[in-house]
Each structure stands twice: as structure tokens, then as C-alpha cells.
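See below for the structure under consideration.
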Amino acid sequence: MLETTAAEASAVVLSSGPTQAELFSRIAGNASLSASFWVNIALAGLSILLFIYMGRNVEDPRAQLIFVATMMVPLVSISSYTGLVSGLTVSVISVPYPGGGSEDVLLMWGRYLTWALSTPMILVALGLLAGSNLTKIFTAVVTDIGMCITGLAAAMTTSSVLLRWFWYVISCAFFVAVLYILLVEWPADAEMAGTDEIFSTLKLLTVTLWLGYPIFWALGSEGLALLTTTQTSWAYSILDIGAKYFFAYLLLRWVTDHEGVIGDLASGSLGSATPADD
Ligand code: RET
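In this note's numbering, the protein residues as written are 550 to 827.
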């Protein structure tokens, strides 16, 4: 009886994996992996300060809303990377591979979780810039959250390799809806709003970099394991630098220089807060 209890207790310990302190020292002991986190903490911090400074005189409410949404991106990012570097939002899981077999991998699940907050902010800012209506902004945001949460499910599924990749396909389907809005709906809205030049630059940057995430997921340690955990982490960190801080800087610089254009955008979109019927 006592023996069974001891066996059960050790099974619980084994299945619960490394402690947060162990994960923390494991990450700290890998200089390159740590650097992939710290670079983003530093850049997010600098971006927050820069954007507060850039936004100090913005008065138009729509321009202010673009600022708030965009500033959330580095704020979420600094929290996300602090979670990763501290070992709070990482775990070791046994990833099953399509070719058979499985391997213990450091899963950075905090990334997917915080993307569900940061990427909708990017889309809200882009939708507002394009002068889009509430219906399209809502659709972009909910399909994007769907993409992030099902991506998290893909990364965390260890029971079946097939279901792991099925989640991946579901996430990609959500992503296609986001891409459709970015590539078809909003360019047309932006043209009518007179913001098409900056919108097309940001659209190109966003679509190109965002496509990198599912590609590196598939190639990385959580997918086919053609890349190591550290290489995968660097890939995401570099994509993040372009998709978050550089993107935000380009957008906010344009907004501060063209506050009048933003202010003139049709109040029929978000202003009336009713879904448009176009
Ligand atoms: C996952 C894996 C499953 C399939 C797809 C993915 C897409 C992720 C994307 C992430 C973008 C993140 C950004 C973060 C900035 O804060 C979840 C990797 C489609 C597009 C831009």
C-alpha cells in the first residue's frame, strides 16, 4: 500500500517535468537562447519610450486610438519575453514527429499565448489606418485570435502527431482569413481613405513577416525539428523585431506626420460603431 503511494508520488513528480527554477537556469545557461529573449526585452523597452515620446502631441481621437493599439504591441512583447526568460511560460514536452518517435523539447508556449493579445492590436491599428469598418476589423481580430489559440493547441498536443498537425492546419485556415482581409479588403478601403501608400508598405511588411511564423513553426523544434530550439527561437525573435517594433515605428511616424488625414477619415466606420452593410 505504502509502496503504491510512493510509486504514484514519483509518477506525479516525473510527469510534472522540470520546476520553474530548473527551466530558468536551463535558459540562462544557454547564452544564445537567452540572447534571443533579451534582445527583444531591450528593443521593446526602447520602443515603448520612443512611442510615448512620439505620441505626446497627438490629439485626434482616431490617431490616439492607433497609438494606443500600436503601443500595446511592445508592452505585450516585453511581458511575453519576461515570461520566457524567467521560465514561467516555458515547459518541456515530448513532441511526436511525423516520421515516428518523439523528443523532449523546450516549448515556449508563452509566445503563442501573448500573440493572441499583440497580433489583434496590430490588426486594429492597420484596420483603423485603412479606414475600415467595424465588421471587417472584428472579423480580422477574431480570426487572428483563432489562429493564435489553435496554434497554441498545435504546439501543446503531444497525444497524437496527426492531431498536432490537424491543429496546425486549422490555425493556417484562420490565417488565410486574416490574409484575405489584409490583401483584398483593406487595400480597397485604404485607397478610398487616401492612406493607401503607407498601408501598402505596412501590408507588405506584415504579410511577408507573418508568413515566416508558420514556416518556422513547421521547420522548427515543435514541427519537423529541422532546426534546433535555439535556432527556432532566434527565427521568431528576428521576425518579431520586424513585425512589431519596426512596423510600429513606421506606422506611428506616419500617423504623427499625417494626423489630419487620419482625422478626416469617414466617421461611418468606427465612429458610428455599427457594422457597415457594404
Ligand atoms: C503558428 C503555427 C500554426 C499555424 C500558423 C501560425 C501563425 C502565426 C503567426 C504569428 C504572428 C505573430 C506576430 C507576433 C507579433 O507580436 C501559430 C506559428 C498560421 C502568423 C506577428
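Just so it is clear, CB atoms sit at the ideal spot from N, CA and C, and this is done for glycine as well.
Whole-angstrom distance between residue j and residue i, CA atom to CA atom
{"i": "Pro647", "j": "Ala726", "result": "27 Å"}
{"i": "Asn682", "j": "Leu801", "result": "21 Å"}
{"i": "Glu652", "j": "Ala665", "result": "27 Å"}
{"i": "Ser709", "j": "Ala774", "result": "16 Å"}
{"i": "Leu814", "j": "Ile615", "result": "13 Å"}
{"i": "Val733", "j": "Met705", "result": "33 Å"}
{"i": "Val804", "j": "Thr750", "result": "14 Å"}
{"i": "Ala825", "j": "Gly649", "result": "Low confidence applies to Ala825: its pLDDT is 48, below 50, so where it sits in the model is not reliable enough to give any reading."}
{"i": "Ser583", "j": "Ala577", "result": "6 Å"}
{"i": "Val606", "j": "Gly594", "result": "For clarity, residue 606 is Asn in the given sequence; the question names Val instead. Cα to Cα, Asn606 sits roughly 21 Å from Gly594."}
{"i": "Asn579", "j": "Phe573", "result": "10 Å"}
{"i": "Ala591", "j": "Leu760", "result": "25 Å"}
{"i": "Tyr762", "j": "Ala784", "result": "8 Å"}
{"i": "Ile601", "j": "Thr777", "result": "37 Å"}
{"i": "Leu788", "j": "Glu608", "result": "32 Å"}
{"i": "Thr823", "j": "Gly772", "result": "Legend: pLDDT at Thr823 = 44, less than 50; position of this residue unreliable, value from coordinates given subsequently. Those two C-alpha atoms are separated by around 42 Å."}
{"i": "Ser596", "j": "Tyr798", "result": "8 Å"}
{"i": "Arg810", "j": "Gly791", "result": "Per the sequence shown, the amino acid found at residue 810 is Val instead of Arg. Rounded to whole angstroms, Val810 to Gly791 spans 25 Å at the Cα level."}
{"i": "Asn589", "j": "Ser667", "result": "14 Å"}
{"i": "Asp806", "j": "Trp735", "result": "21 Å"}
{"i": "Ala703", "j": "Gly632", "result": "20 Å"}
{"i": "Ser581", "j": "Cys721", "result": "29 Å"}
{"i": "Ala610", "j": "Ile764", "result": "Here residue 610 turns out to be Pro, not Ala, going by the sequence shown. The straight-line gap from Cα to Cα measures roughly 38 Å."}
{"i": "Met603", "j": "Trp587", "result": "24 Å"}
{"i": "Trp766", "j": "Glu571", "result": "25 Å"}
Residues sharing a beta bridge with residue i, DSSP
{"i": "Asp653", "result": "Ser643"}
Residue j beta carbon less than 7 Å from that of residue i
{"i": "Thr779", "j": "Gly769", "result": "no"}
{"i": "Lys752", "j": "Ser626", "result": "no"}
{"i": "Ser565", "j": "Ser786", "result": "no"}
{"i": "Thr699", "j": "Trp716", "result": "yes"}
{"i": "Leu678", "j": "Thr744", "result": "yes"}
{"i": "Gly680", "j": "Ala742", "result": "yes"}
{"i": "Ile642", "j": "Thr707", "result": "yes"}
{"i": "Tyr661", "j": "Leu599", "result": "no"}
{"i": "Ala685", "j": "Ile719", "result": "The amino acid at residue 685 is misidentified as Ala; the sequence shows Lys. No. Outside cutoff."}
{"i": "Ala737", "j": "Phe748", "result": "no"}
{"i": "Pro669", "j": "Val644", "result": "no"}
Cutoff 7 Å: residue i Cβ touching any chain B Cβ
{"i": "Leu754", "result": "The chain inventory of the structure shown lacks chain B, comprising one protein chain alone."}
Cβ separation of residue i and residue j, assumed to be a contact under 8 Å, to the nearest whole Å
{"i": "Phe796", "j": "Thr755", "result": "7 Å"}
{"i": "Glu746", "j": "Ala612", "result": "Not a contact, Cβ separation roughly 17 Å."}
{"i": "Thr663", "j": "Ser629", "result": "4 Å"}
Residue i beta carbon near ligand 2 (any heavy atom closer than 6 Å)
{"i": "Tyr602", "result": "Ligand 2 is absent from the structure shown, which contains only ligand 1."}
At a cut of 8 Å, does the segment 663–680 reach the segment 619–626 through at least three beta carbon pairs?
Three or more pairs of CB atoms, one per stretch, sit closer than 8 Å, so the segment 663–680 contacts the segment 619–626.
Examine the Cβ distances between the segment 632–639 and the segment 683–703 and report whether three or more of them are shorter than 8 Å.
These segments do not touch.
Count the C-beta pairs between the segment 709–719 and the segment 655–662 that are closer than 8 Å, then say yes if the count reaches three, no if not.
Put simply, the segment 709–719 does not touch the segment 655–662. Fewer than three CB pairs are less than 8 Å apart.
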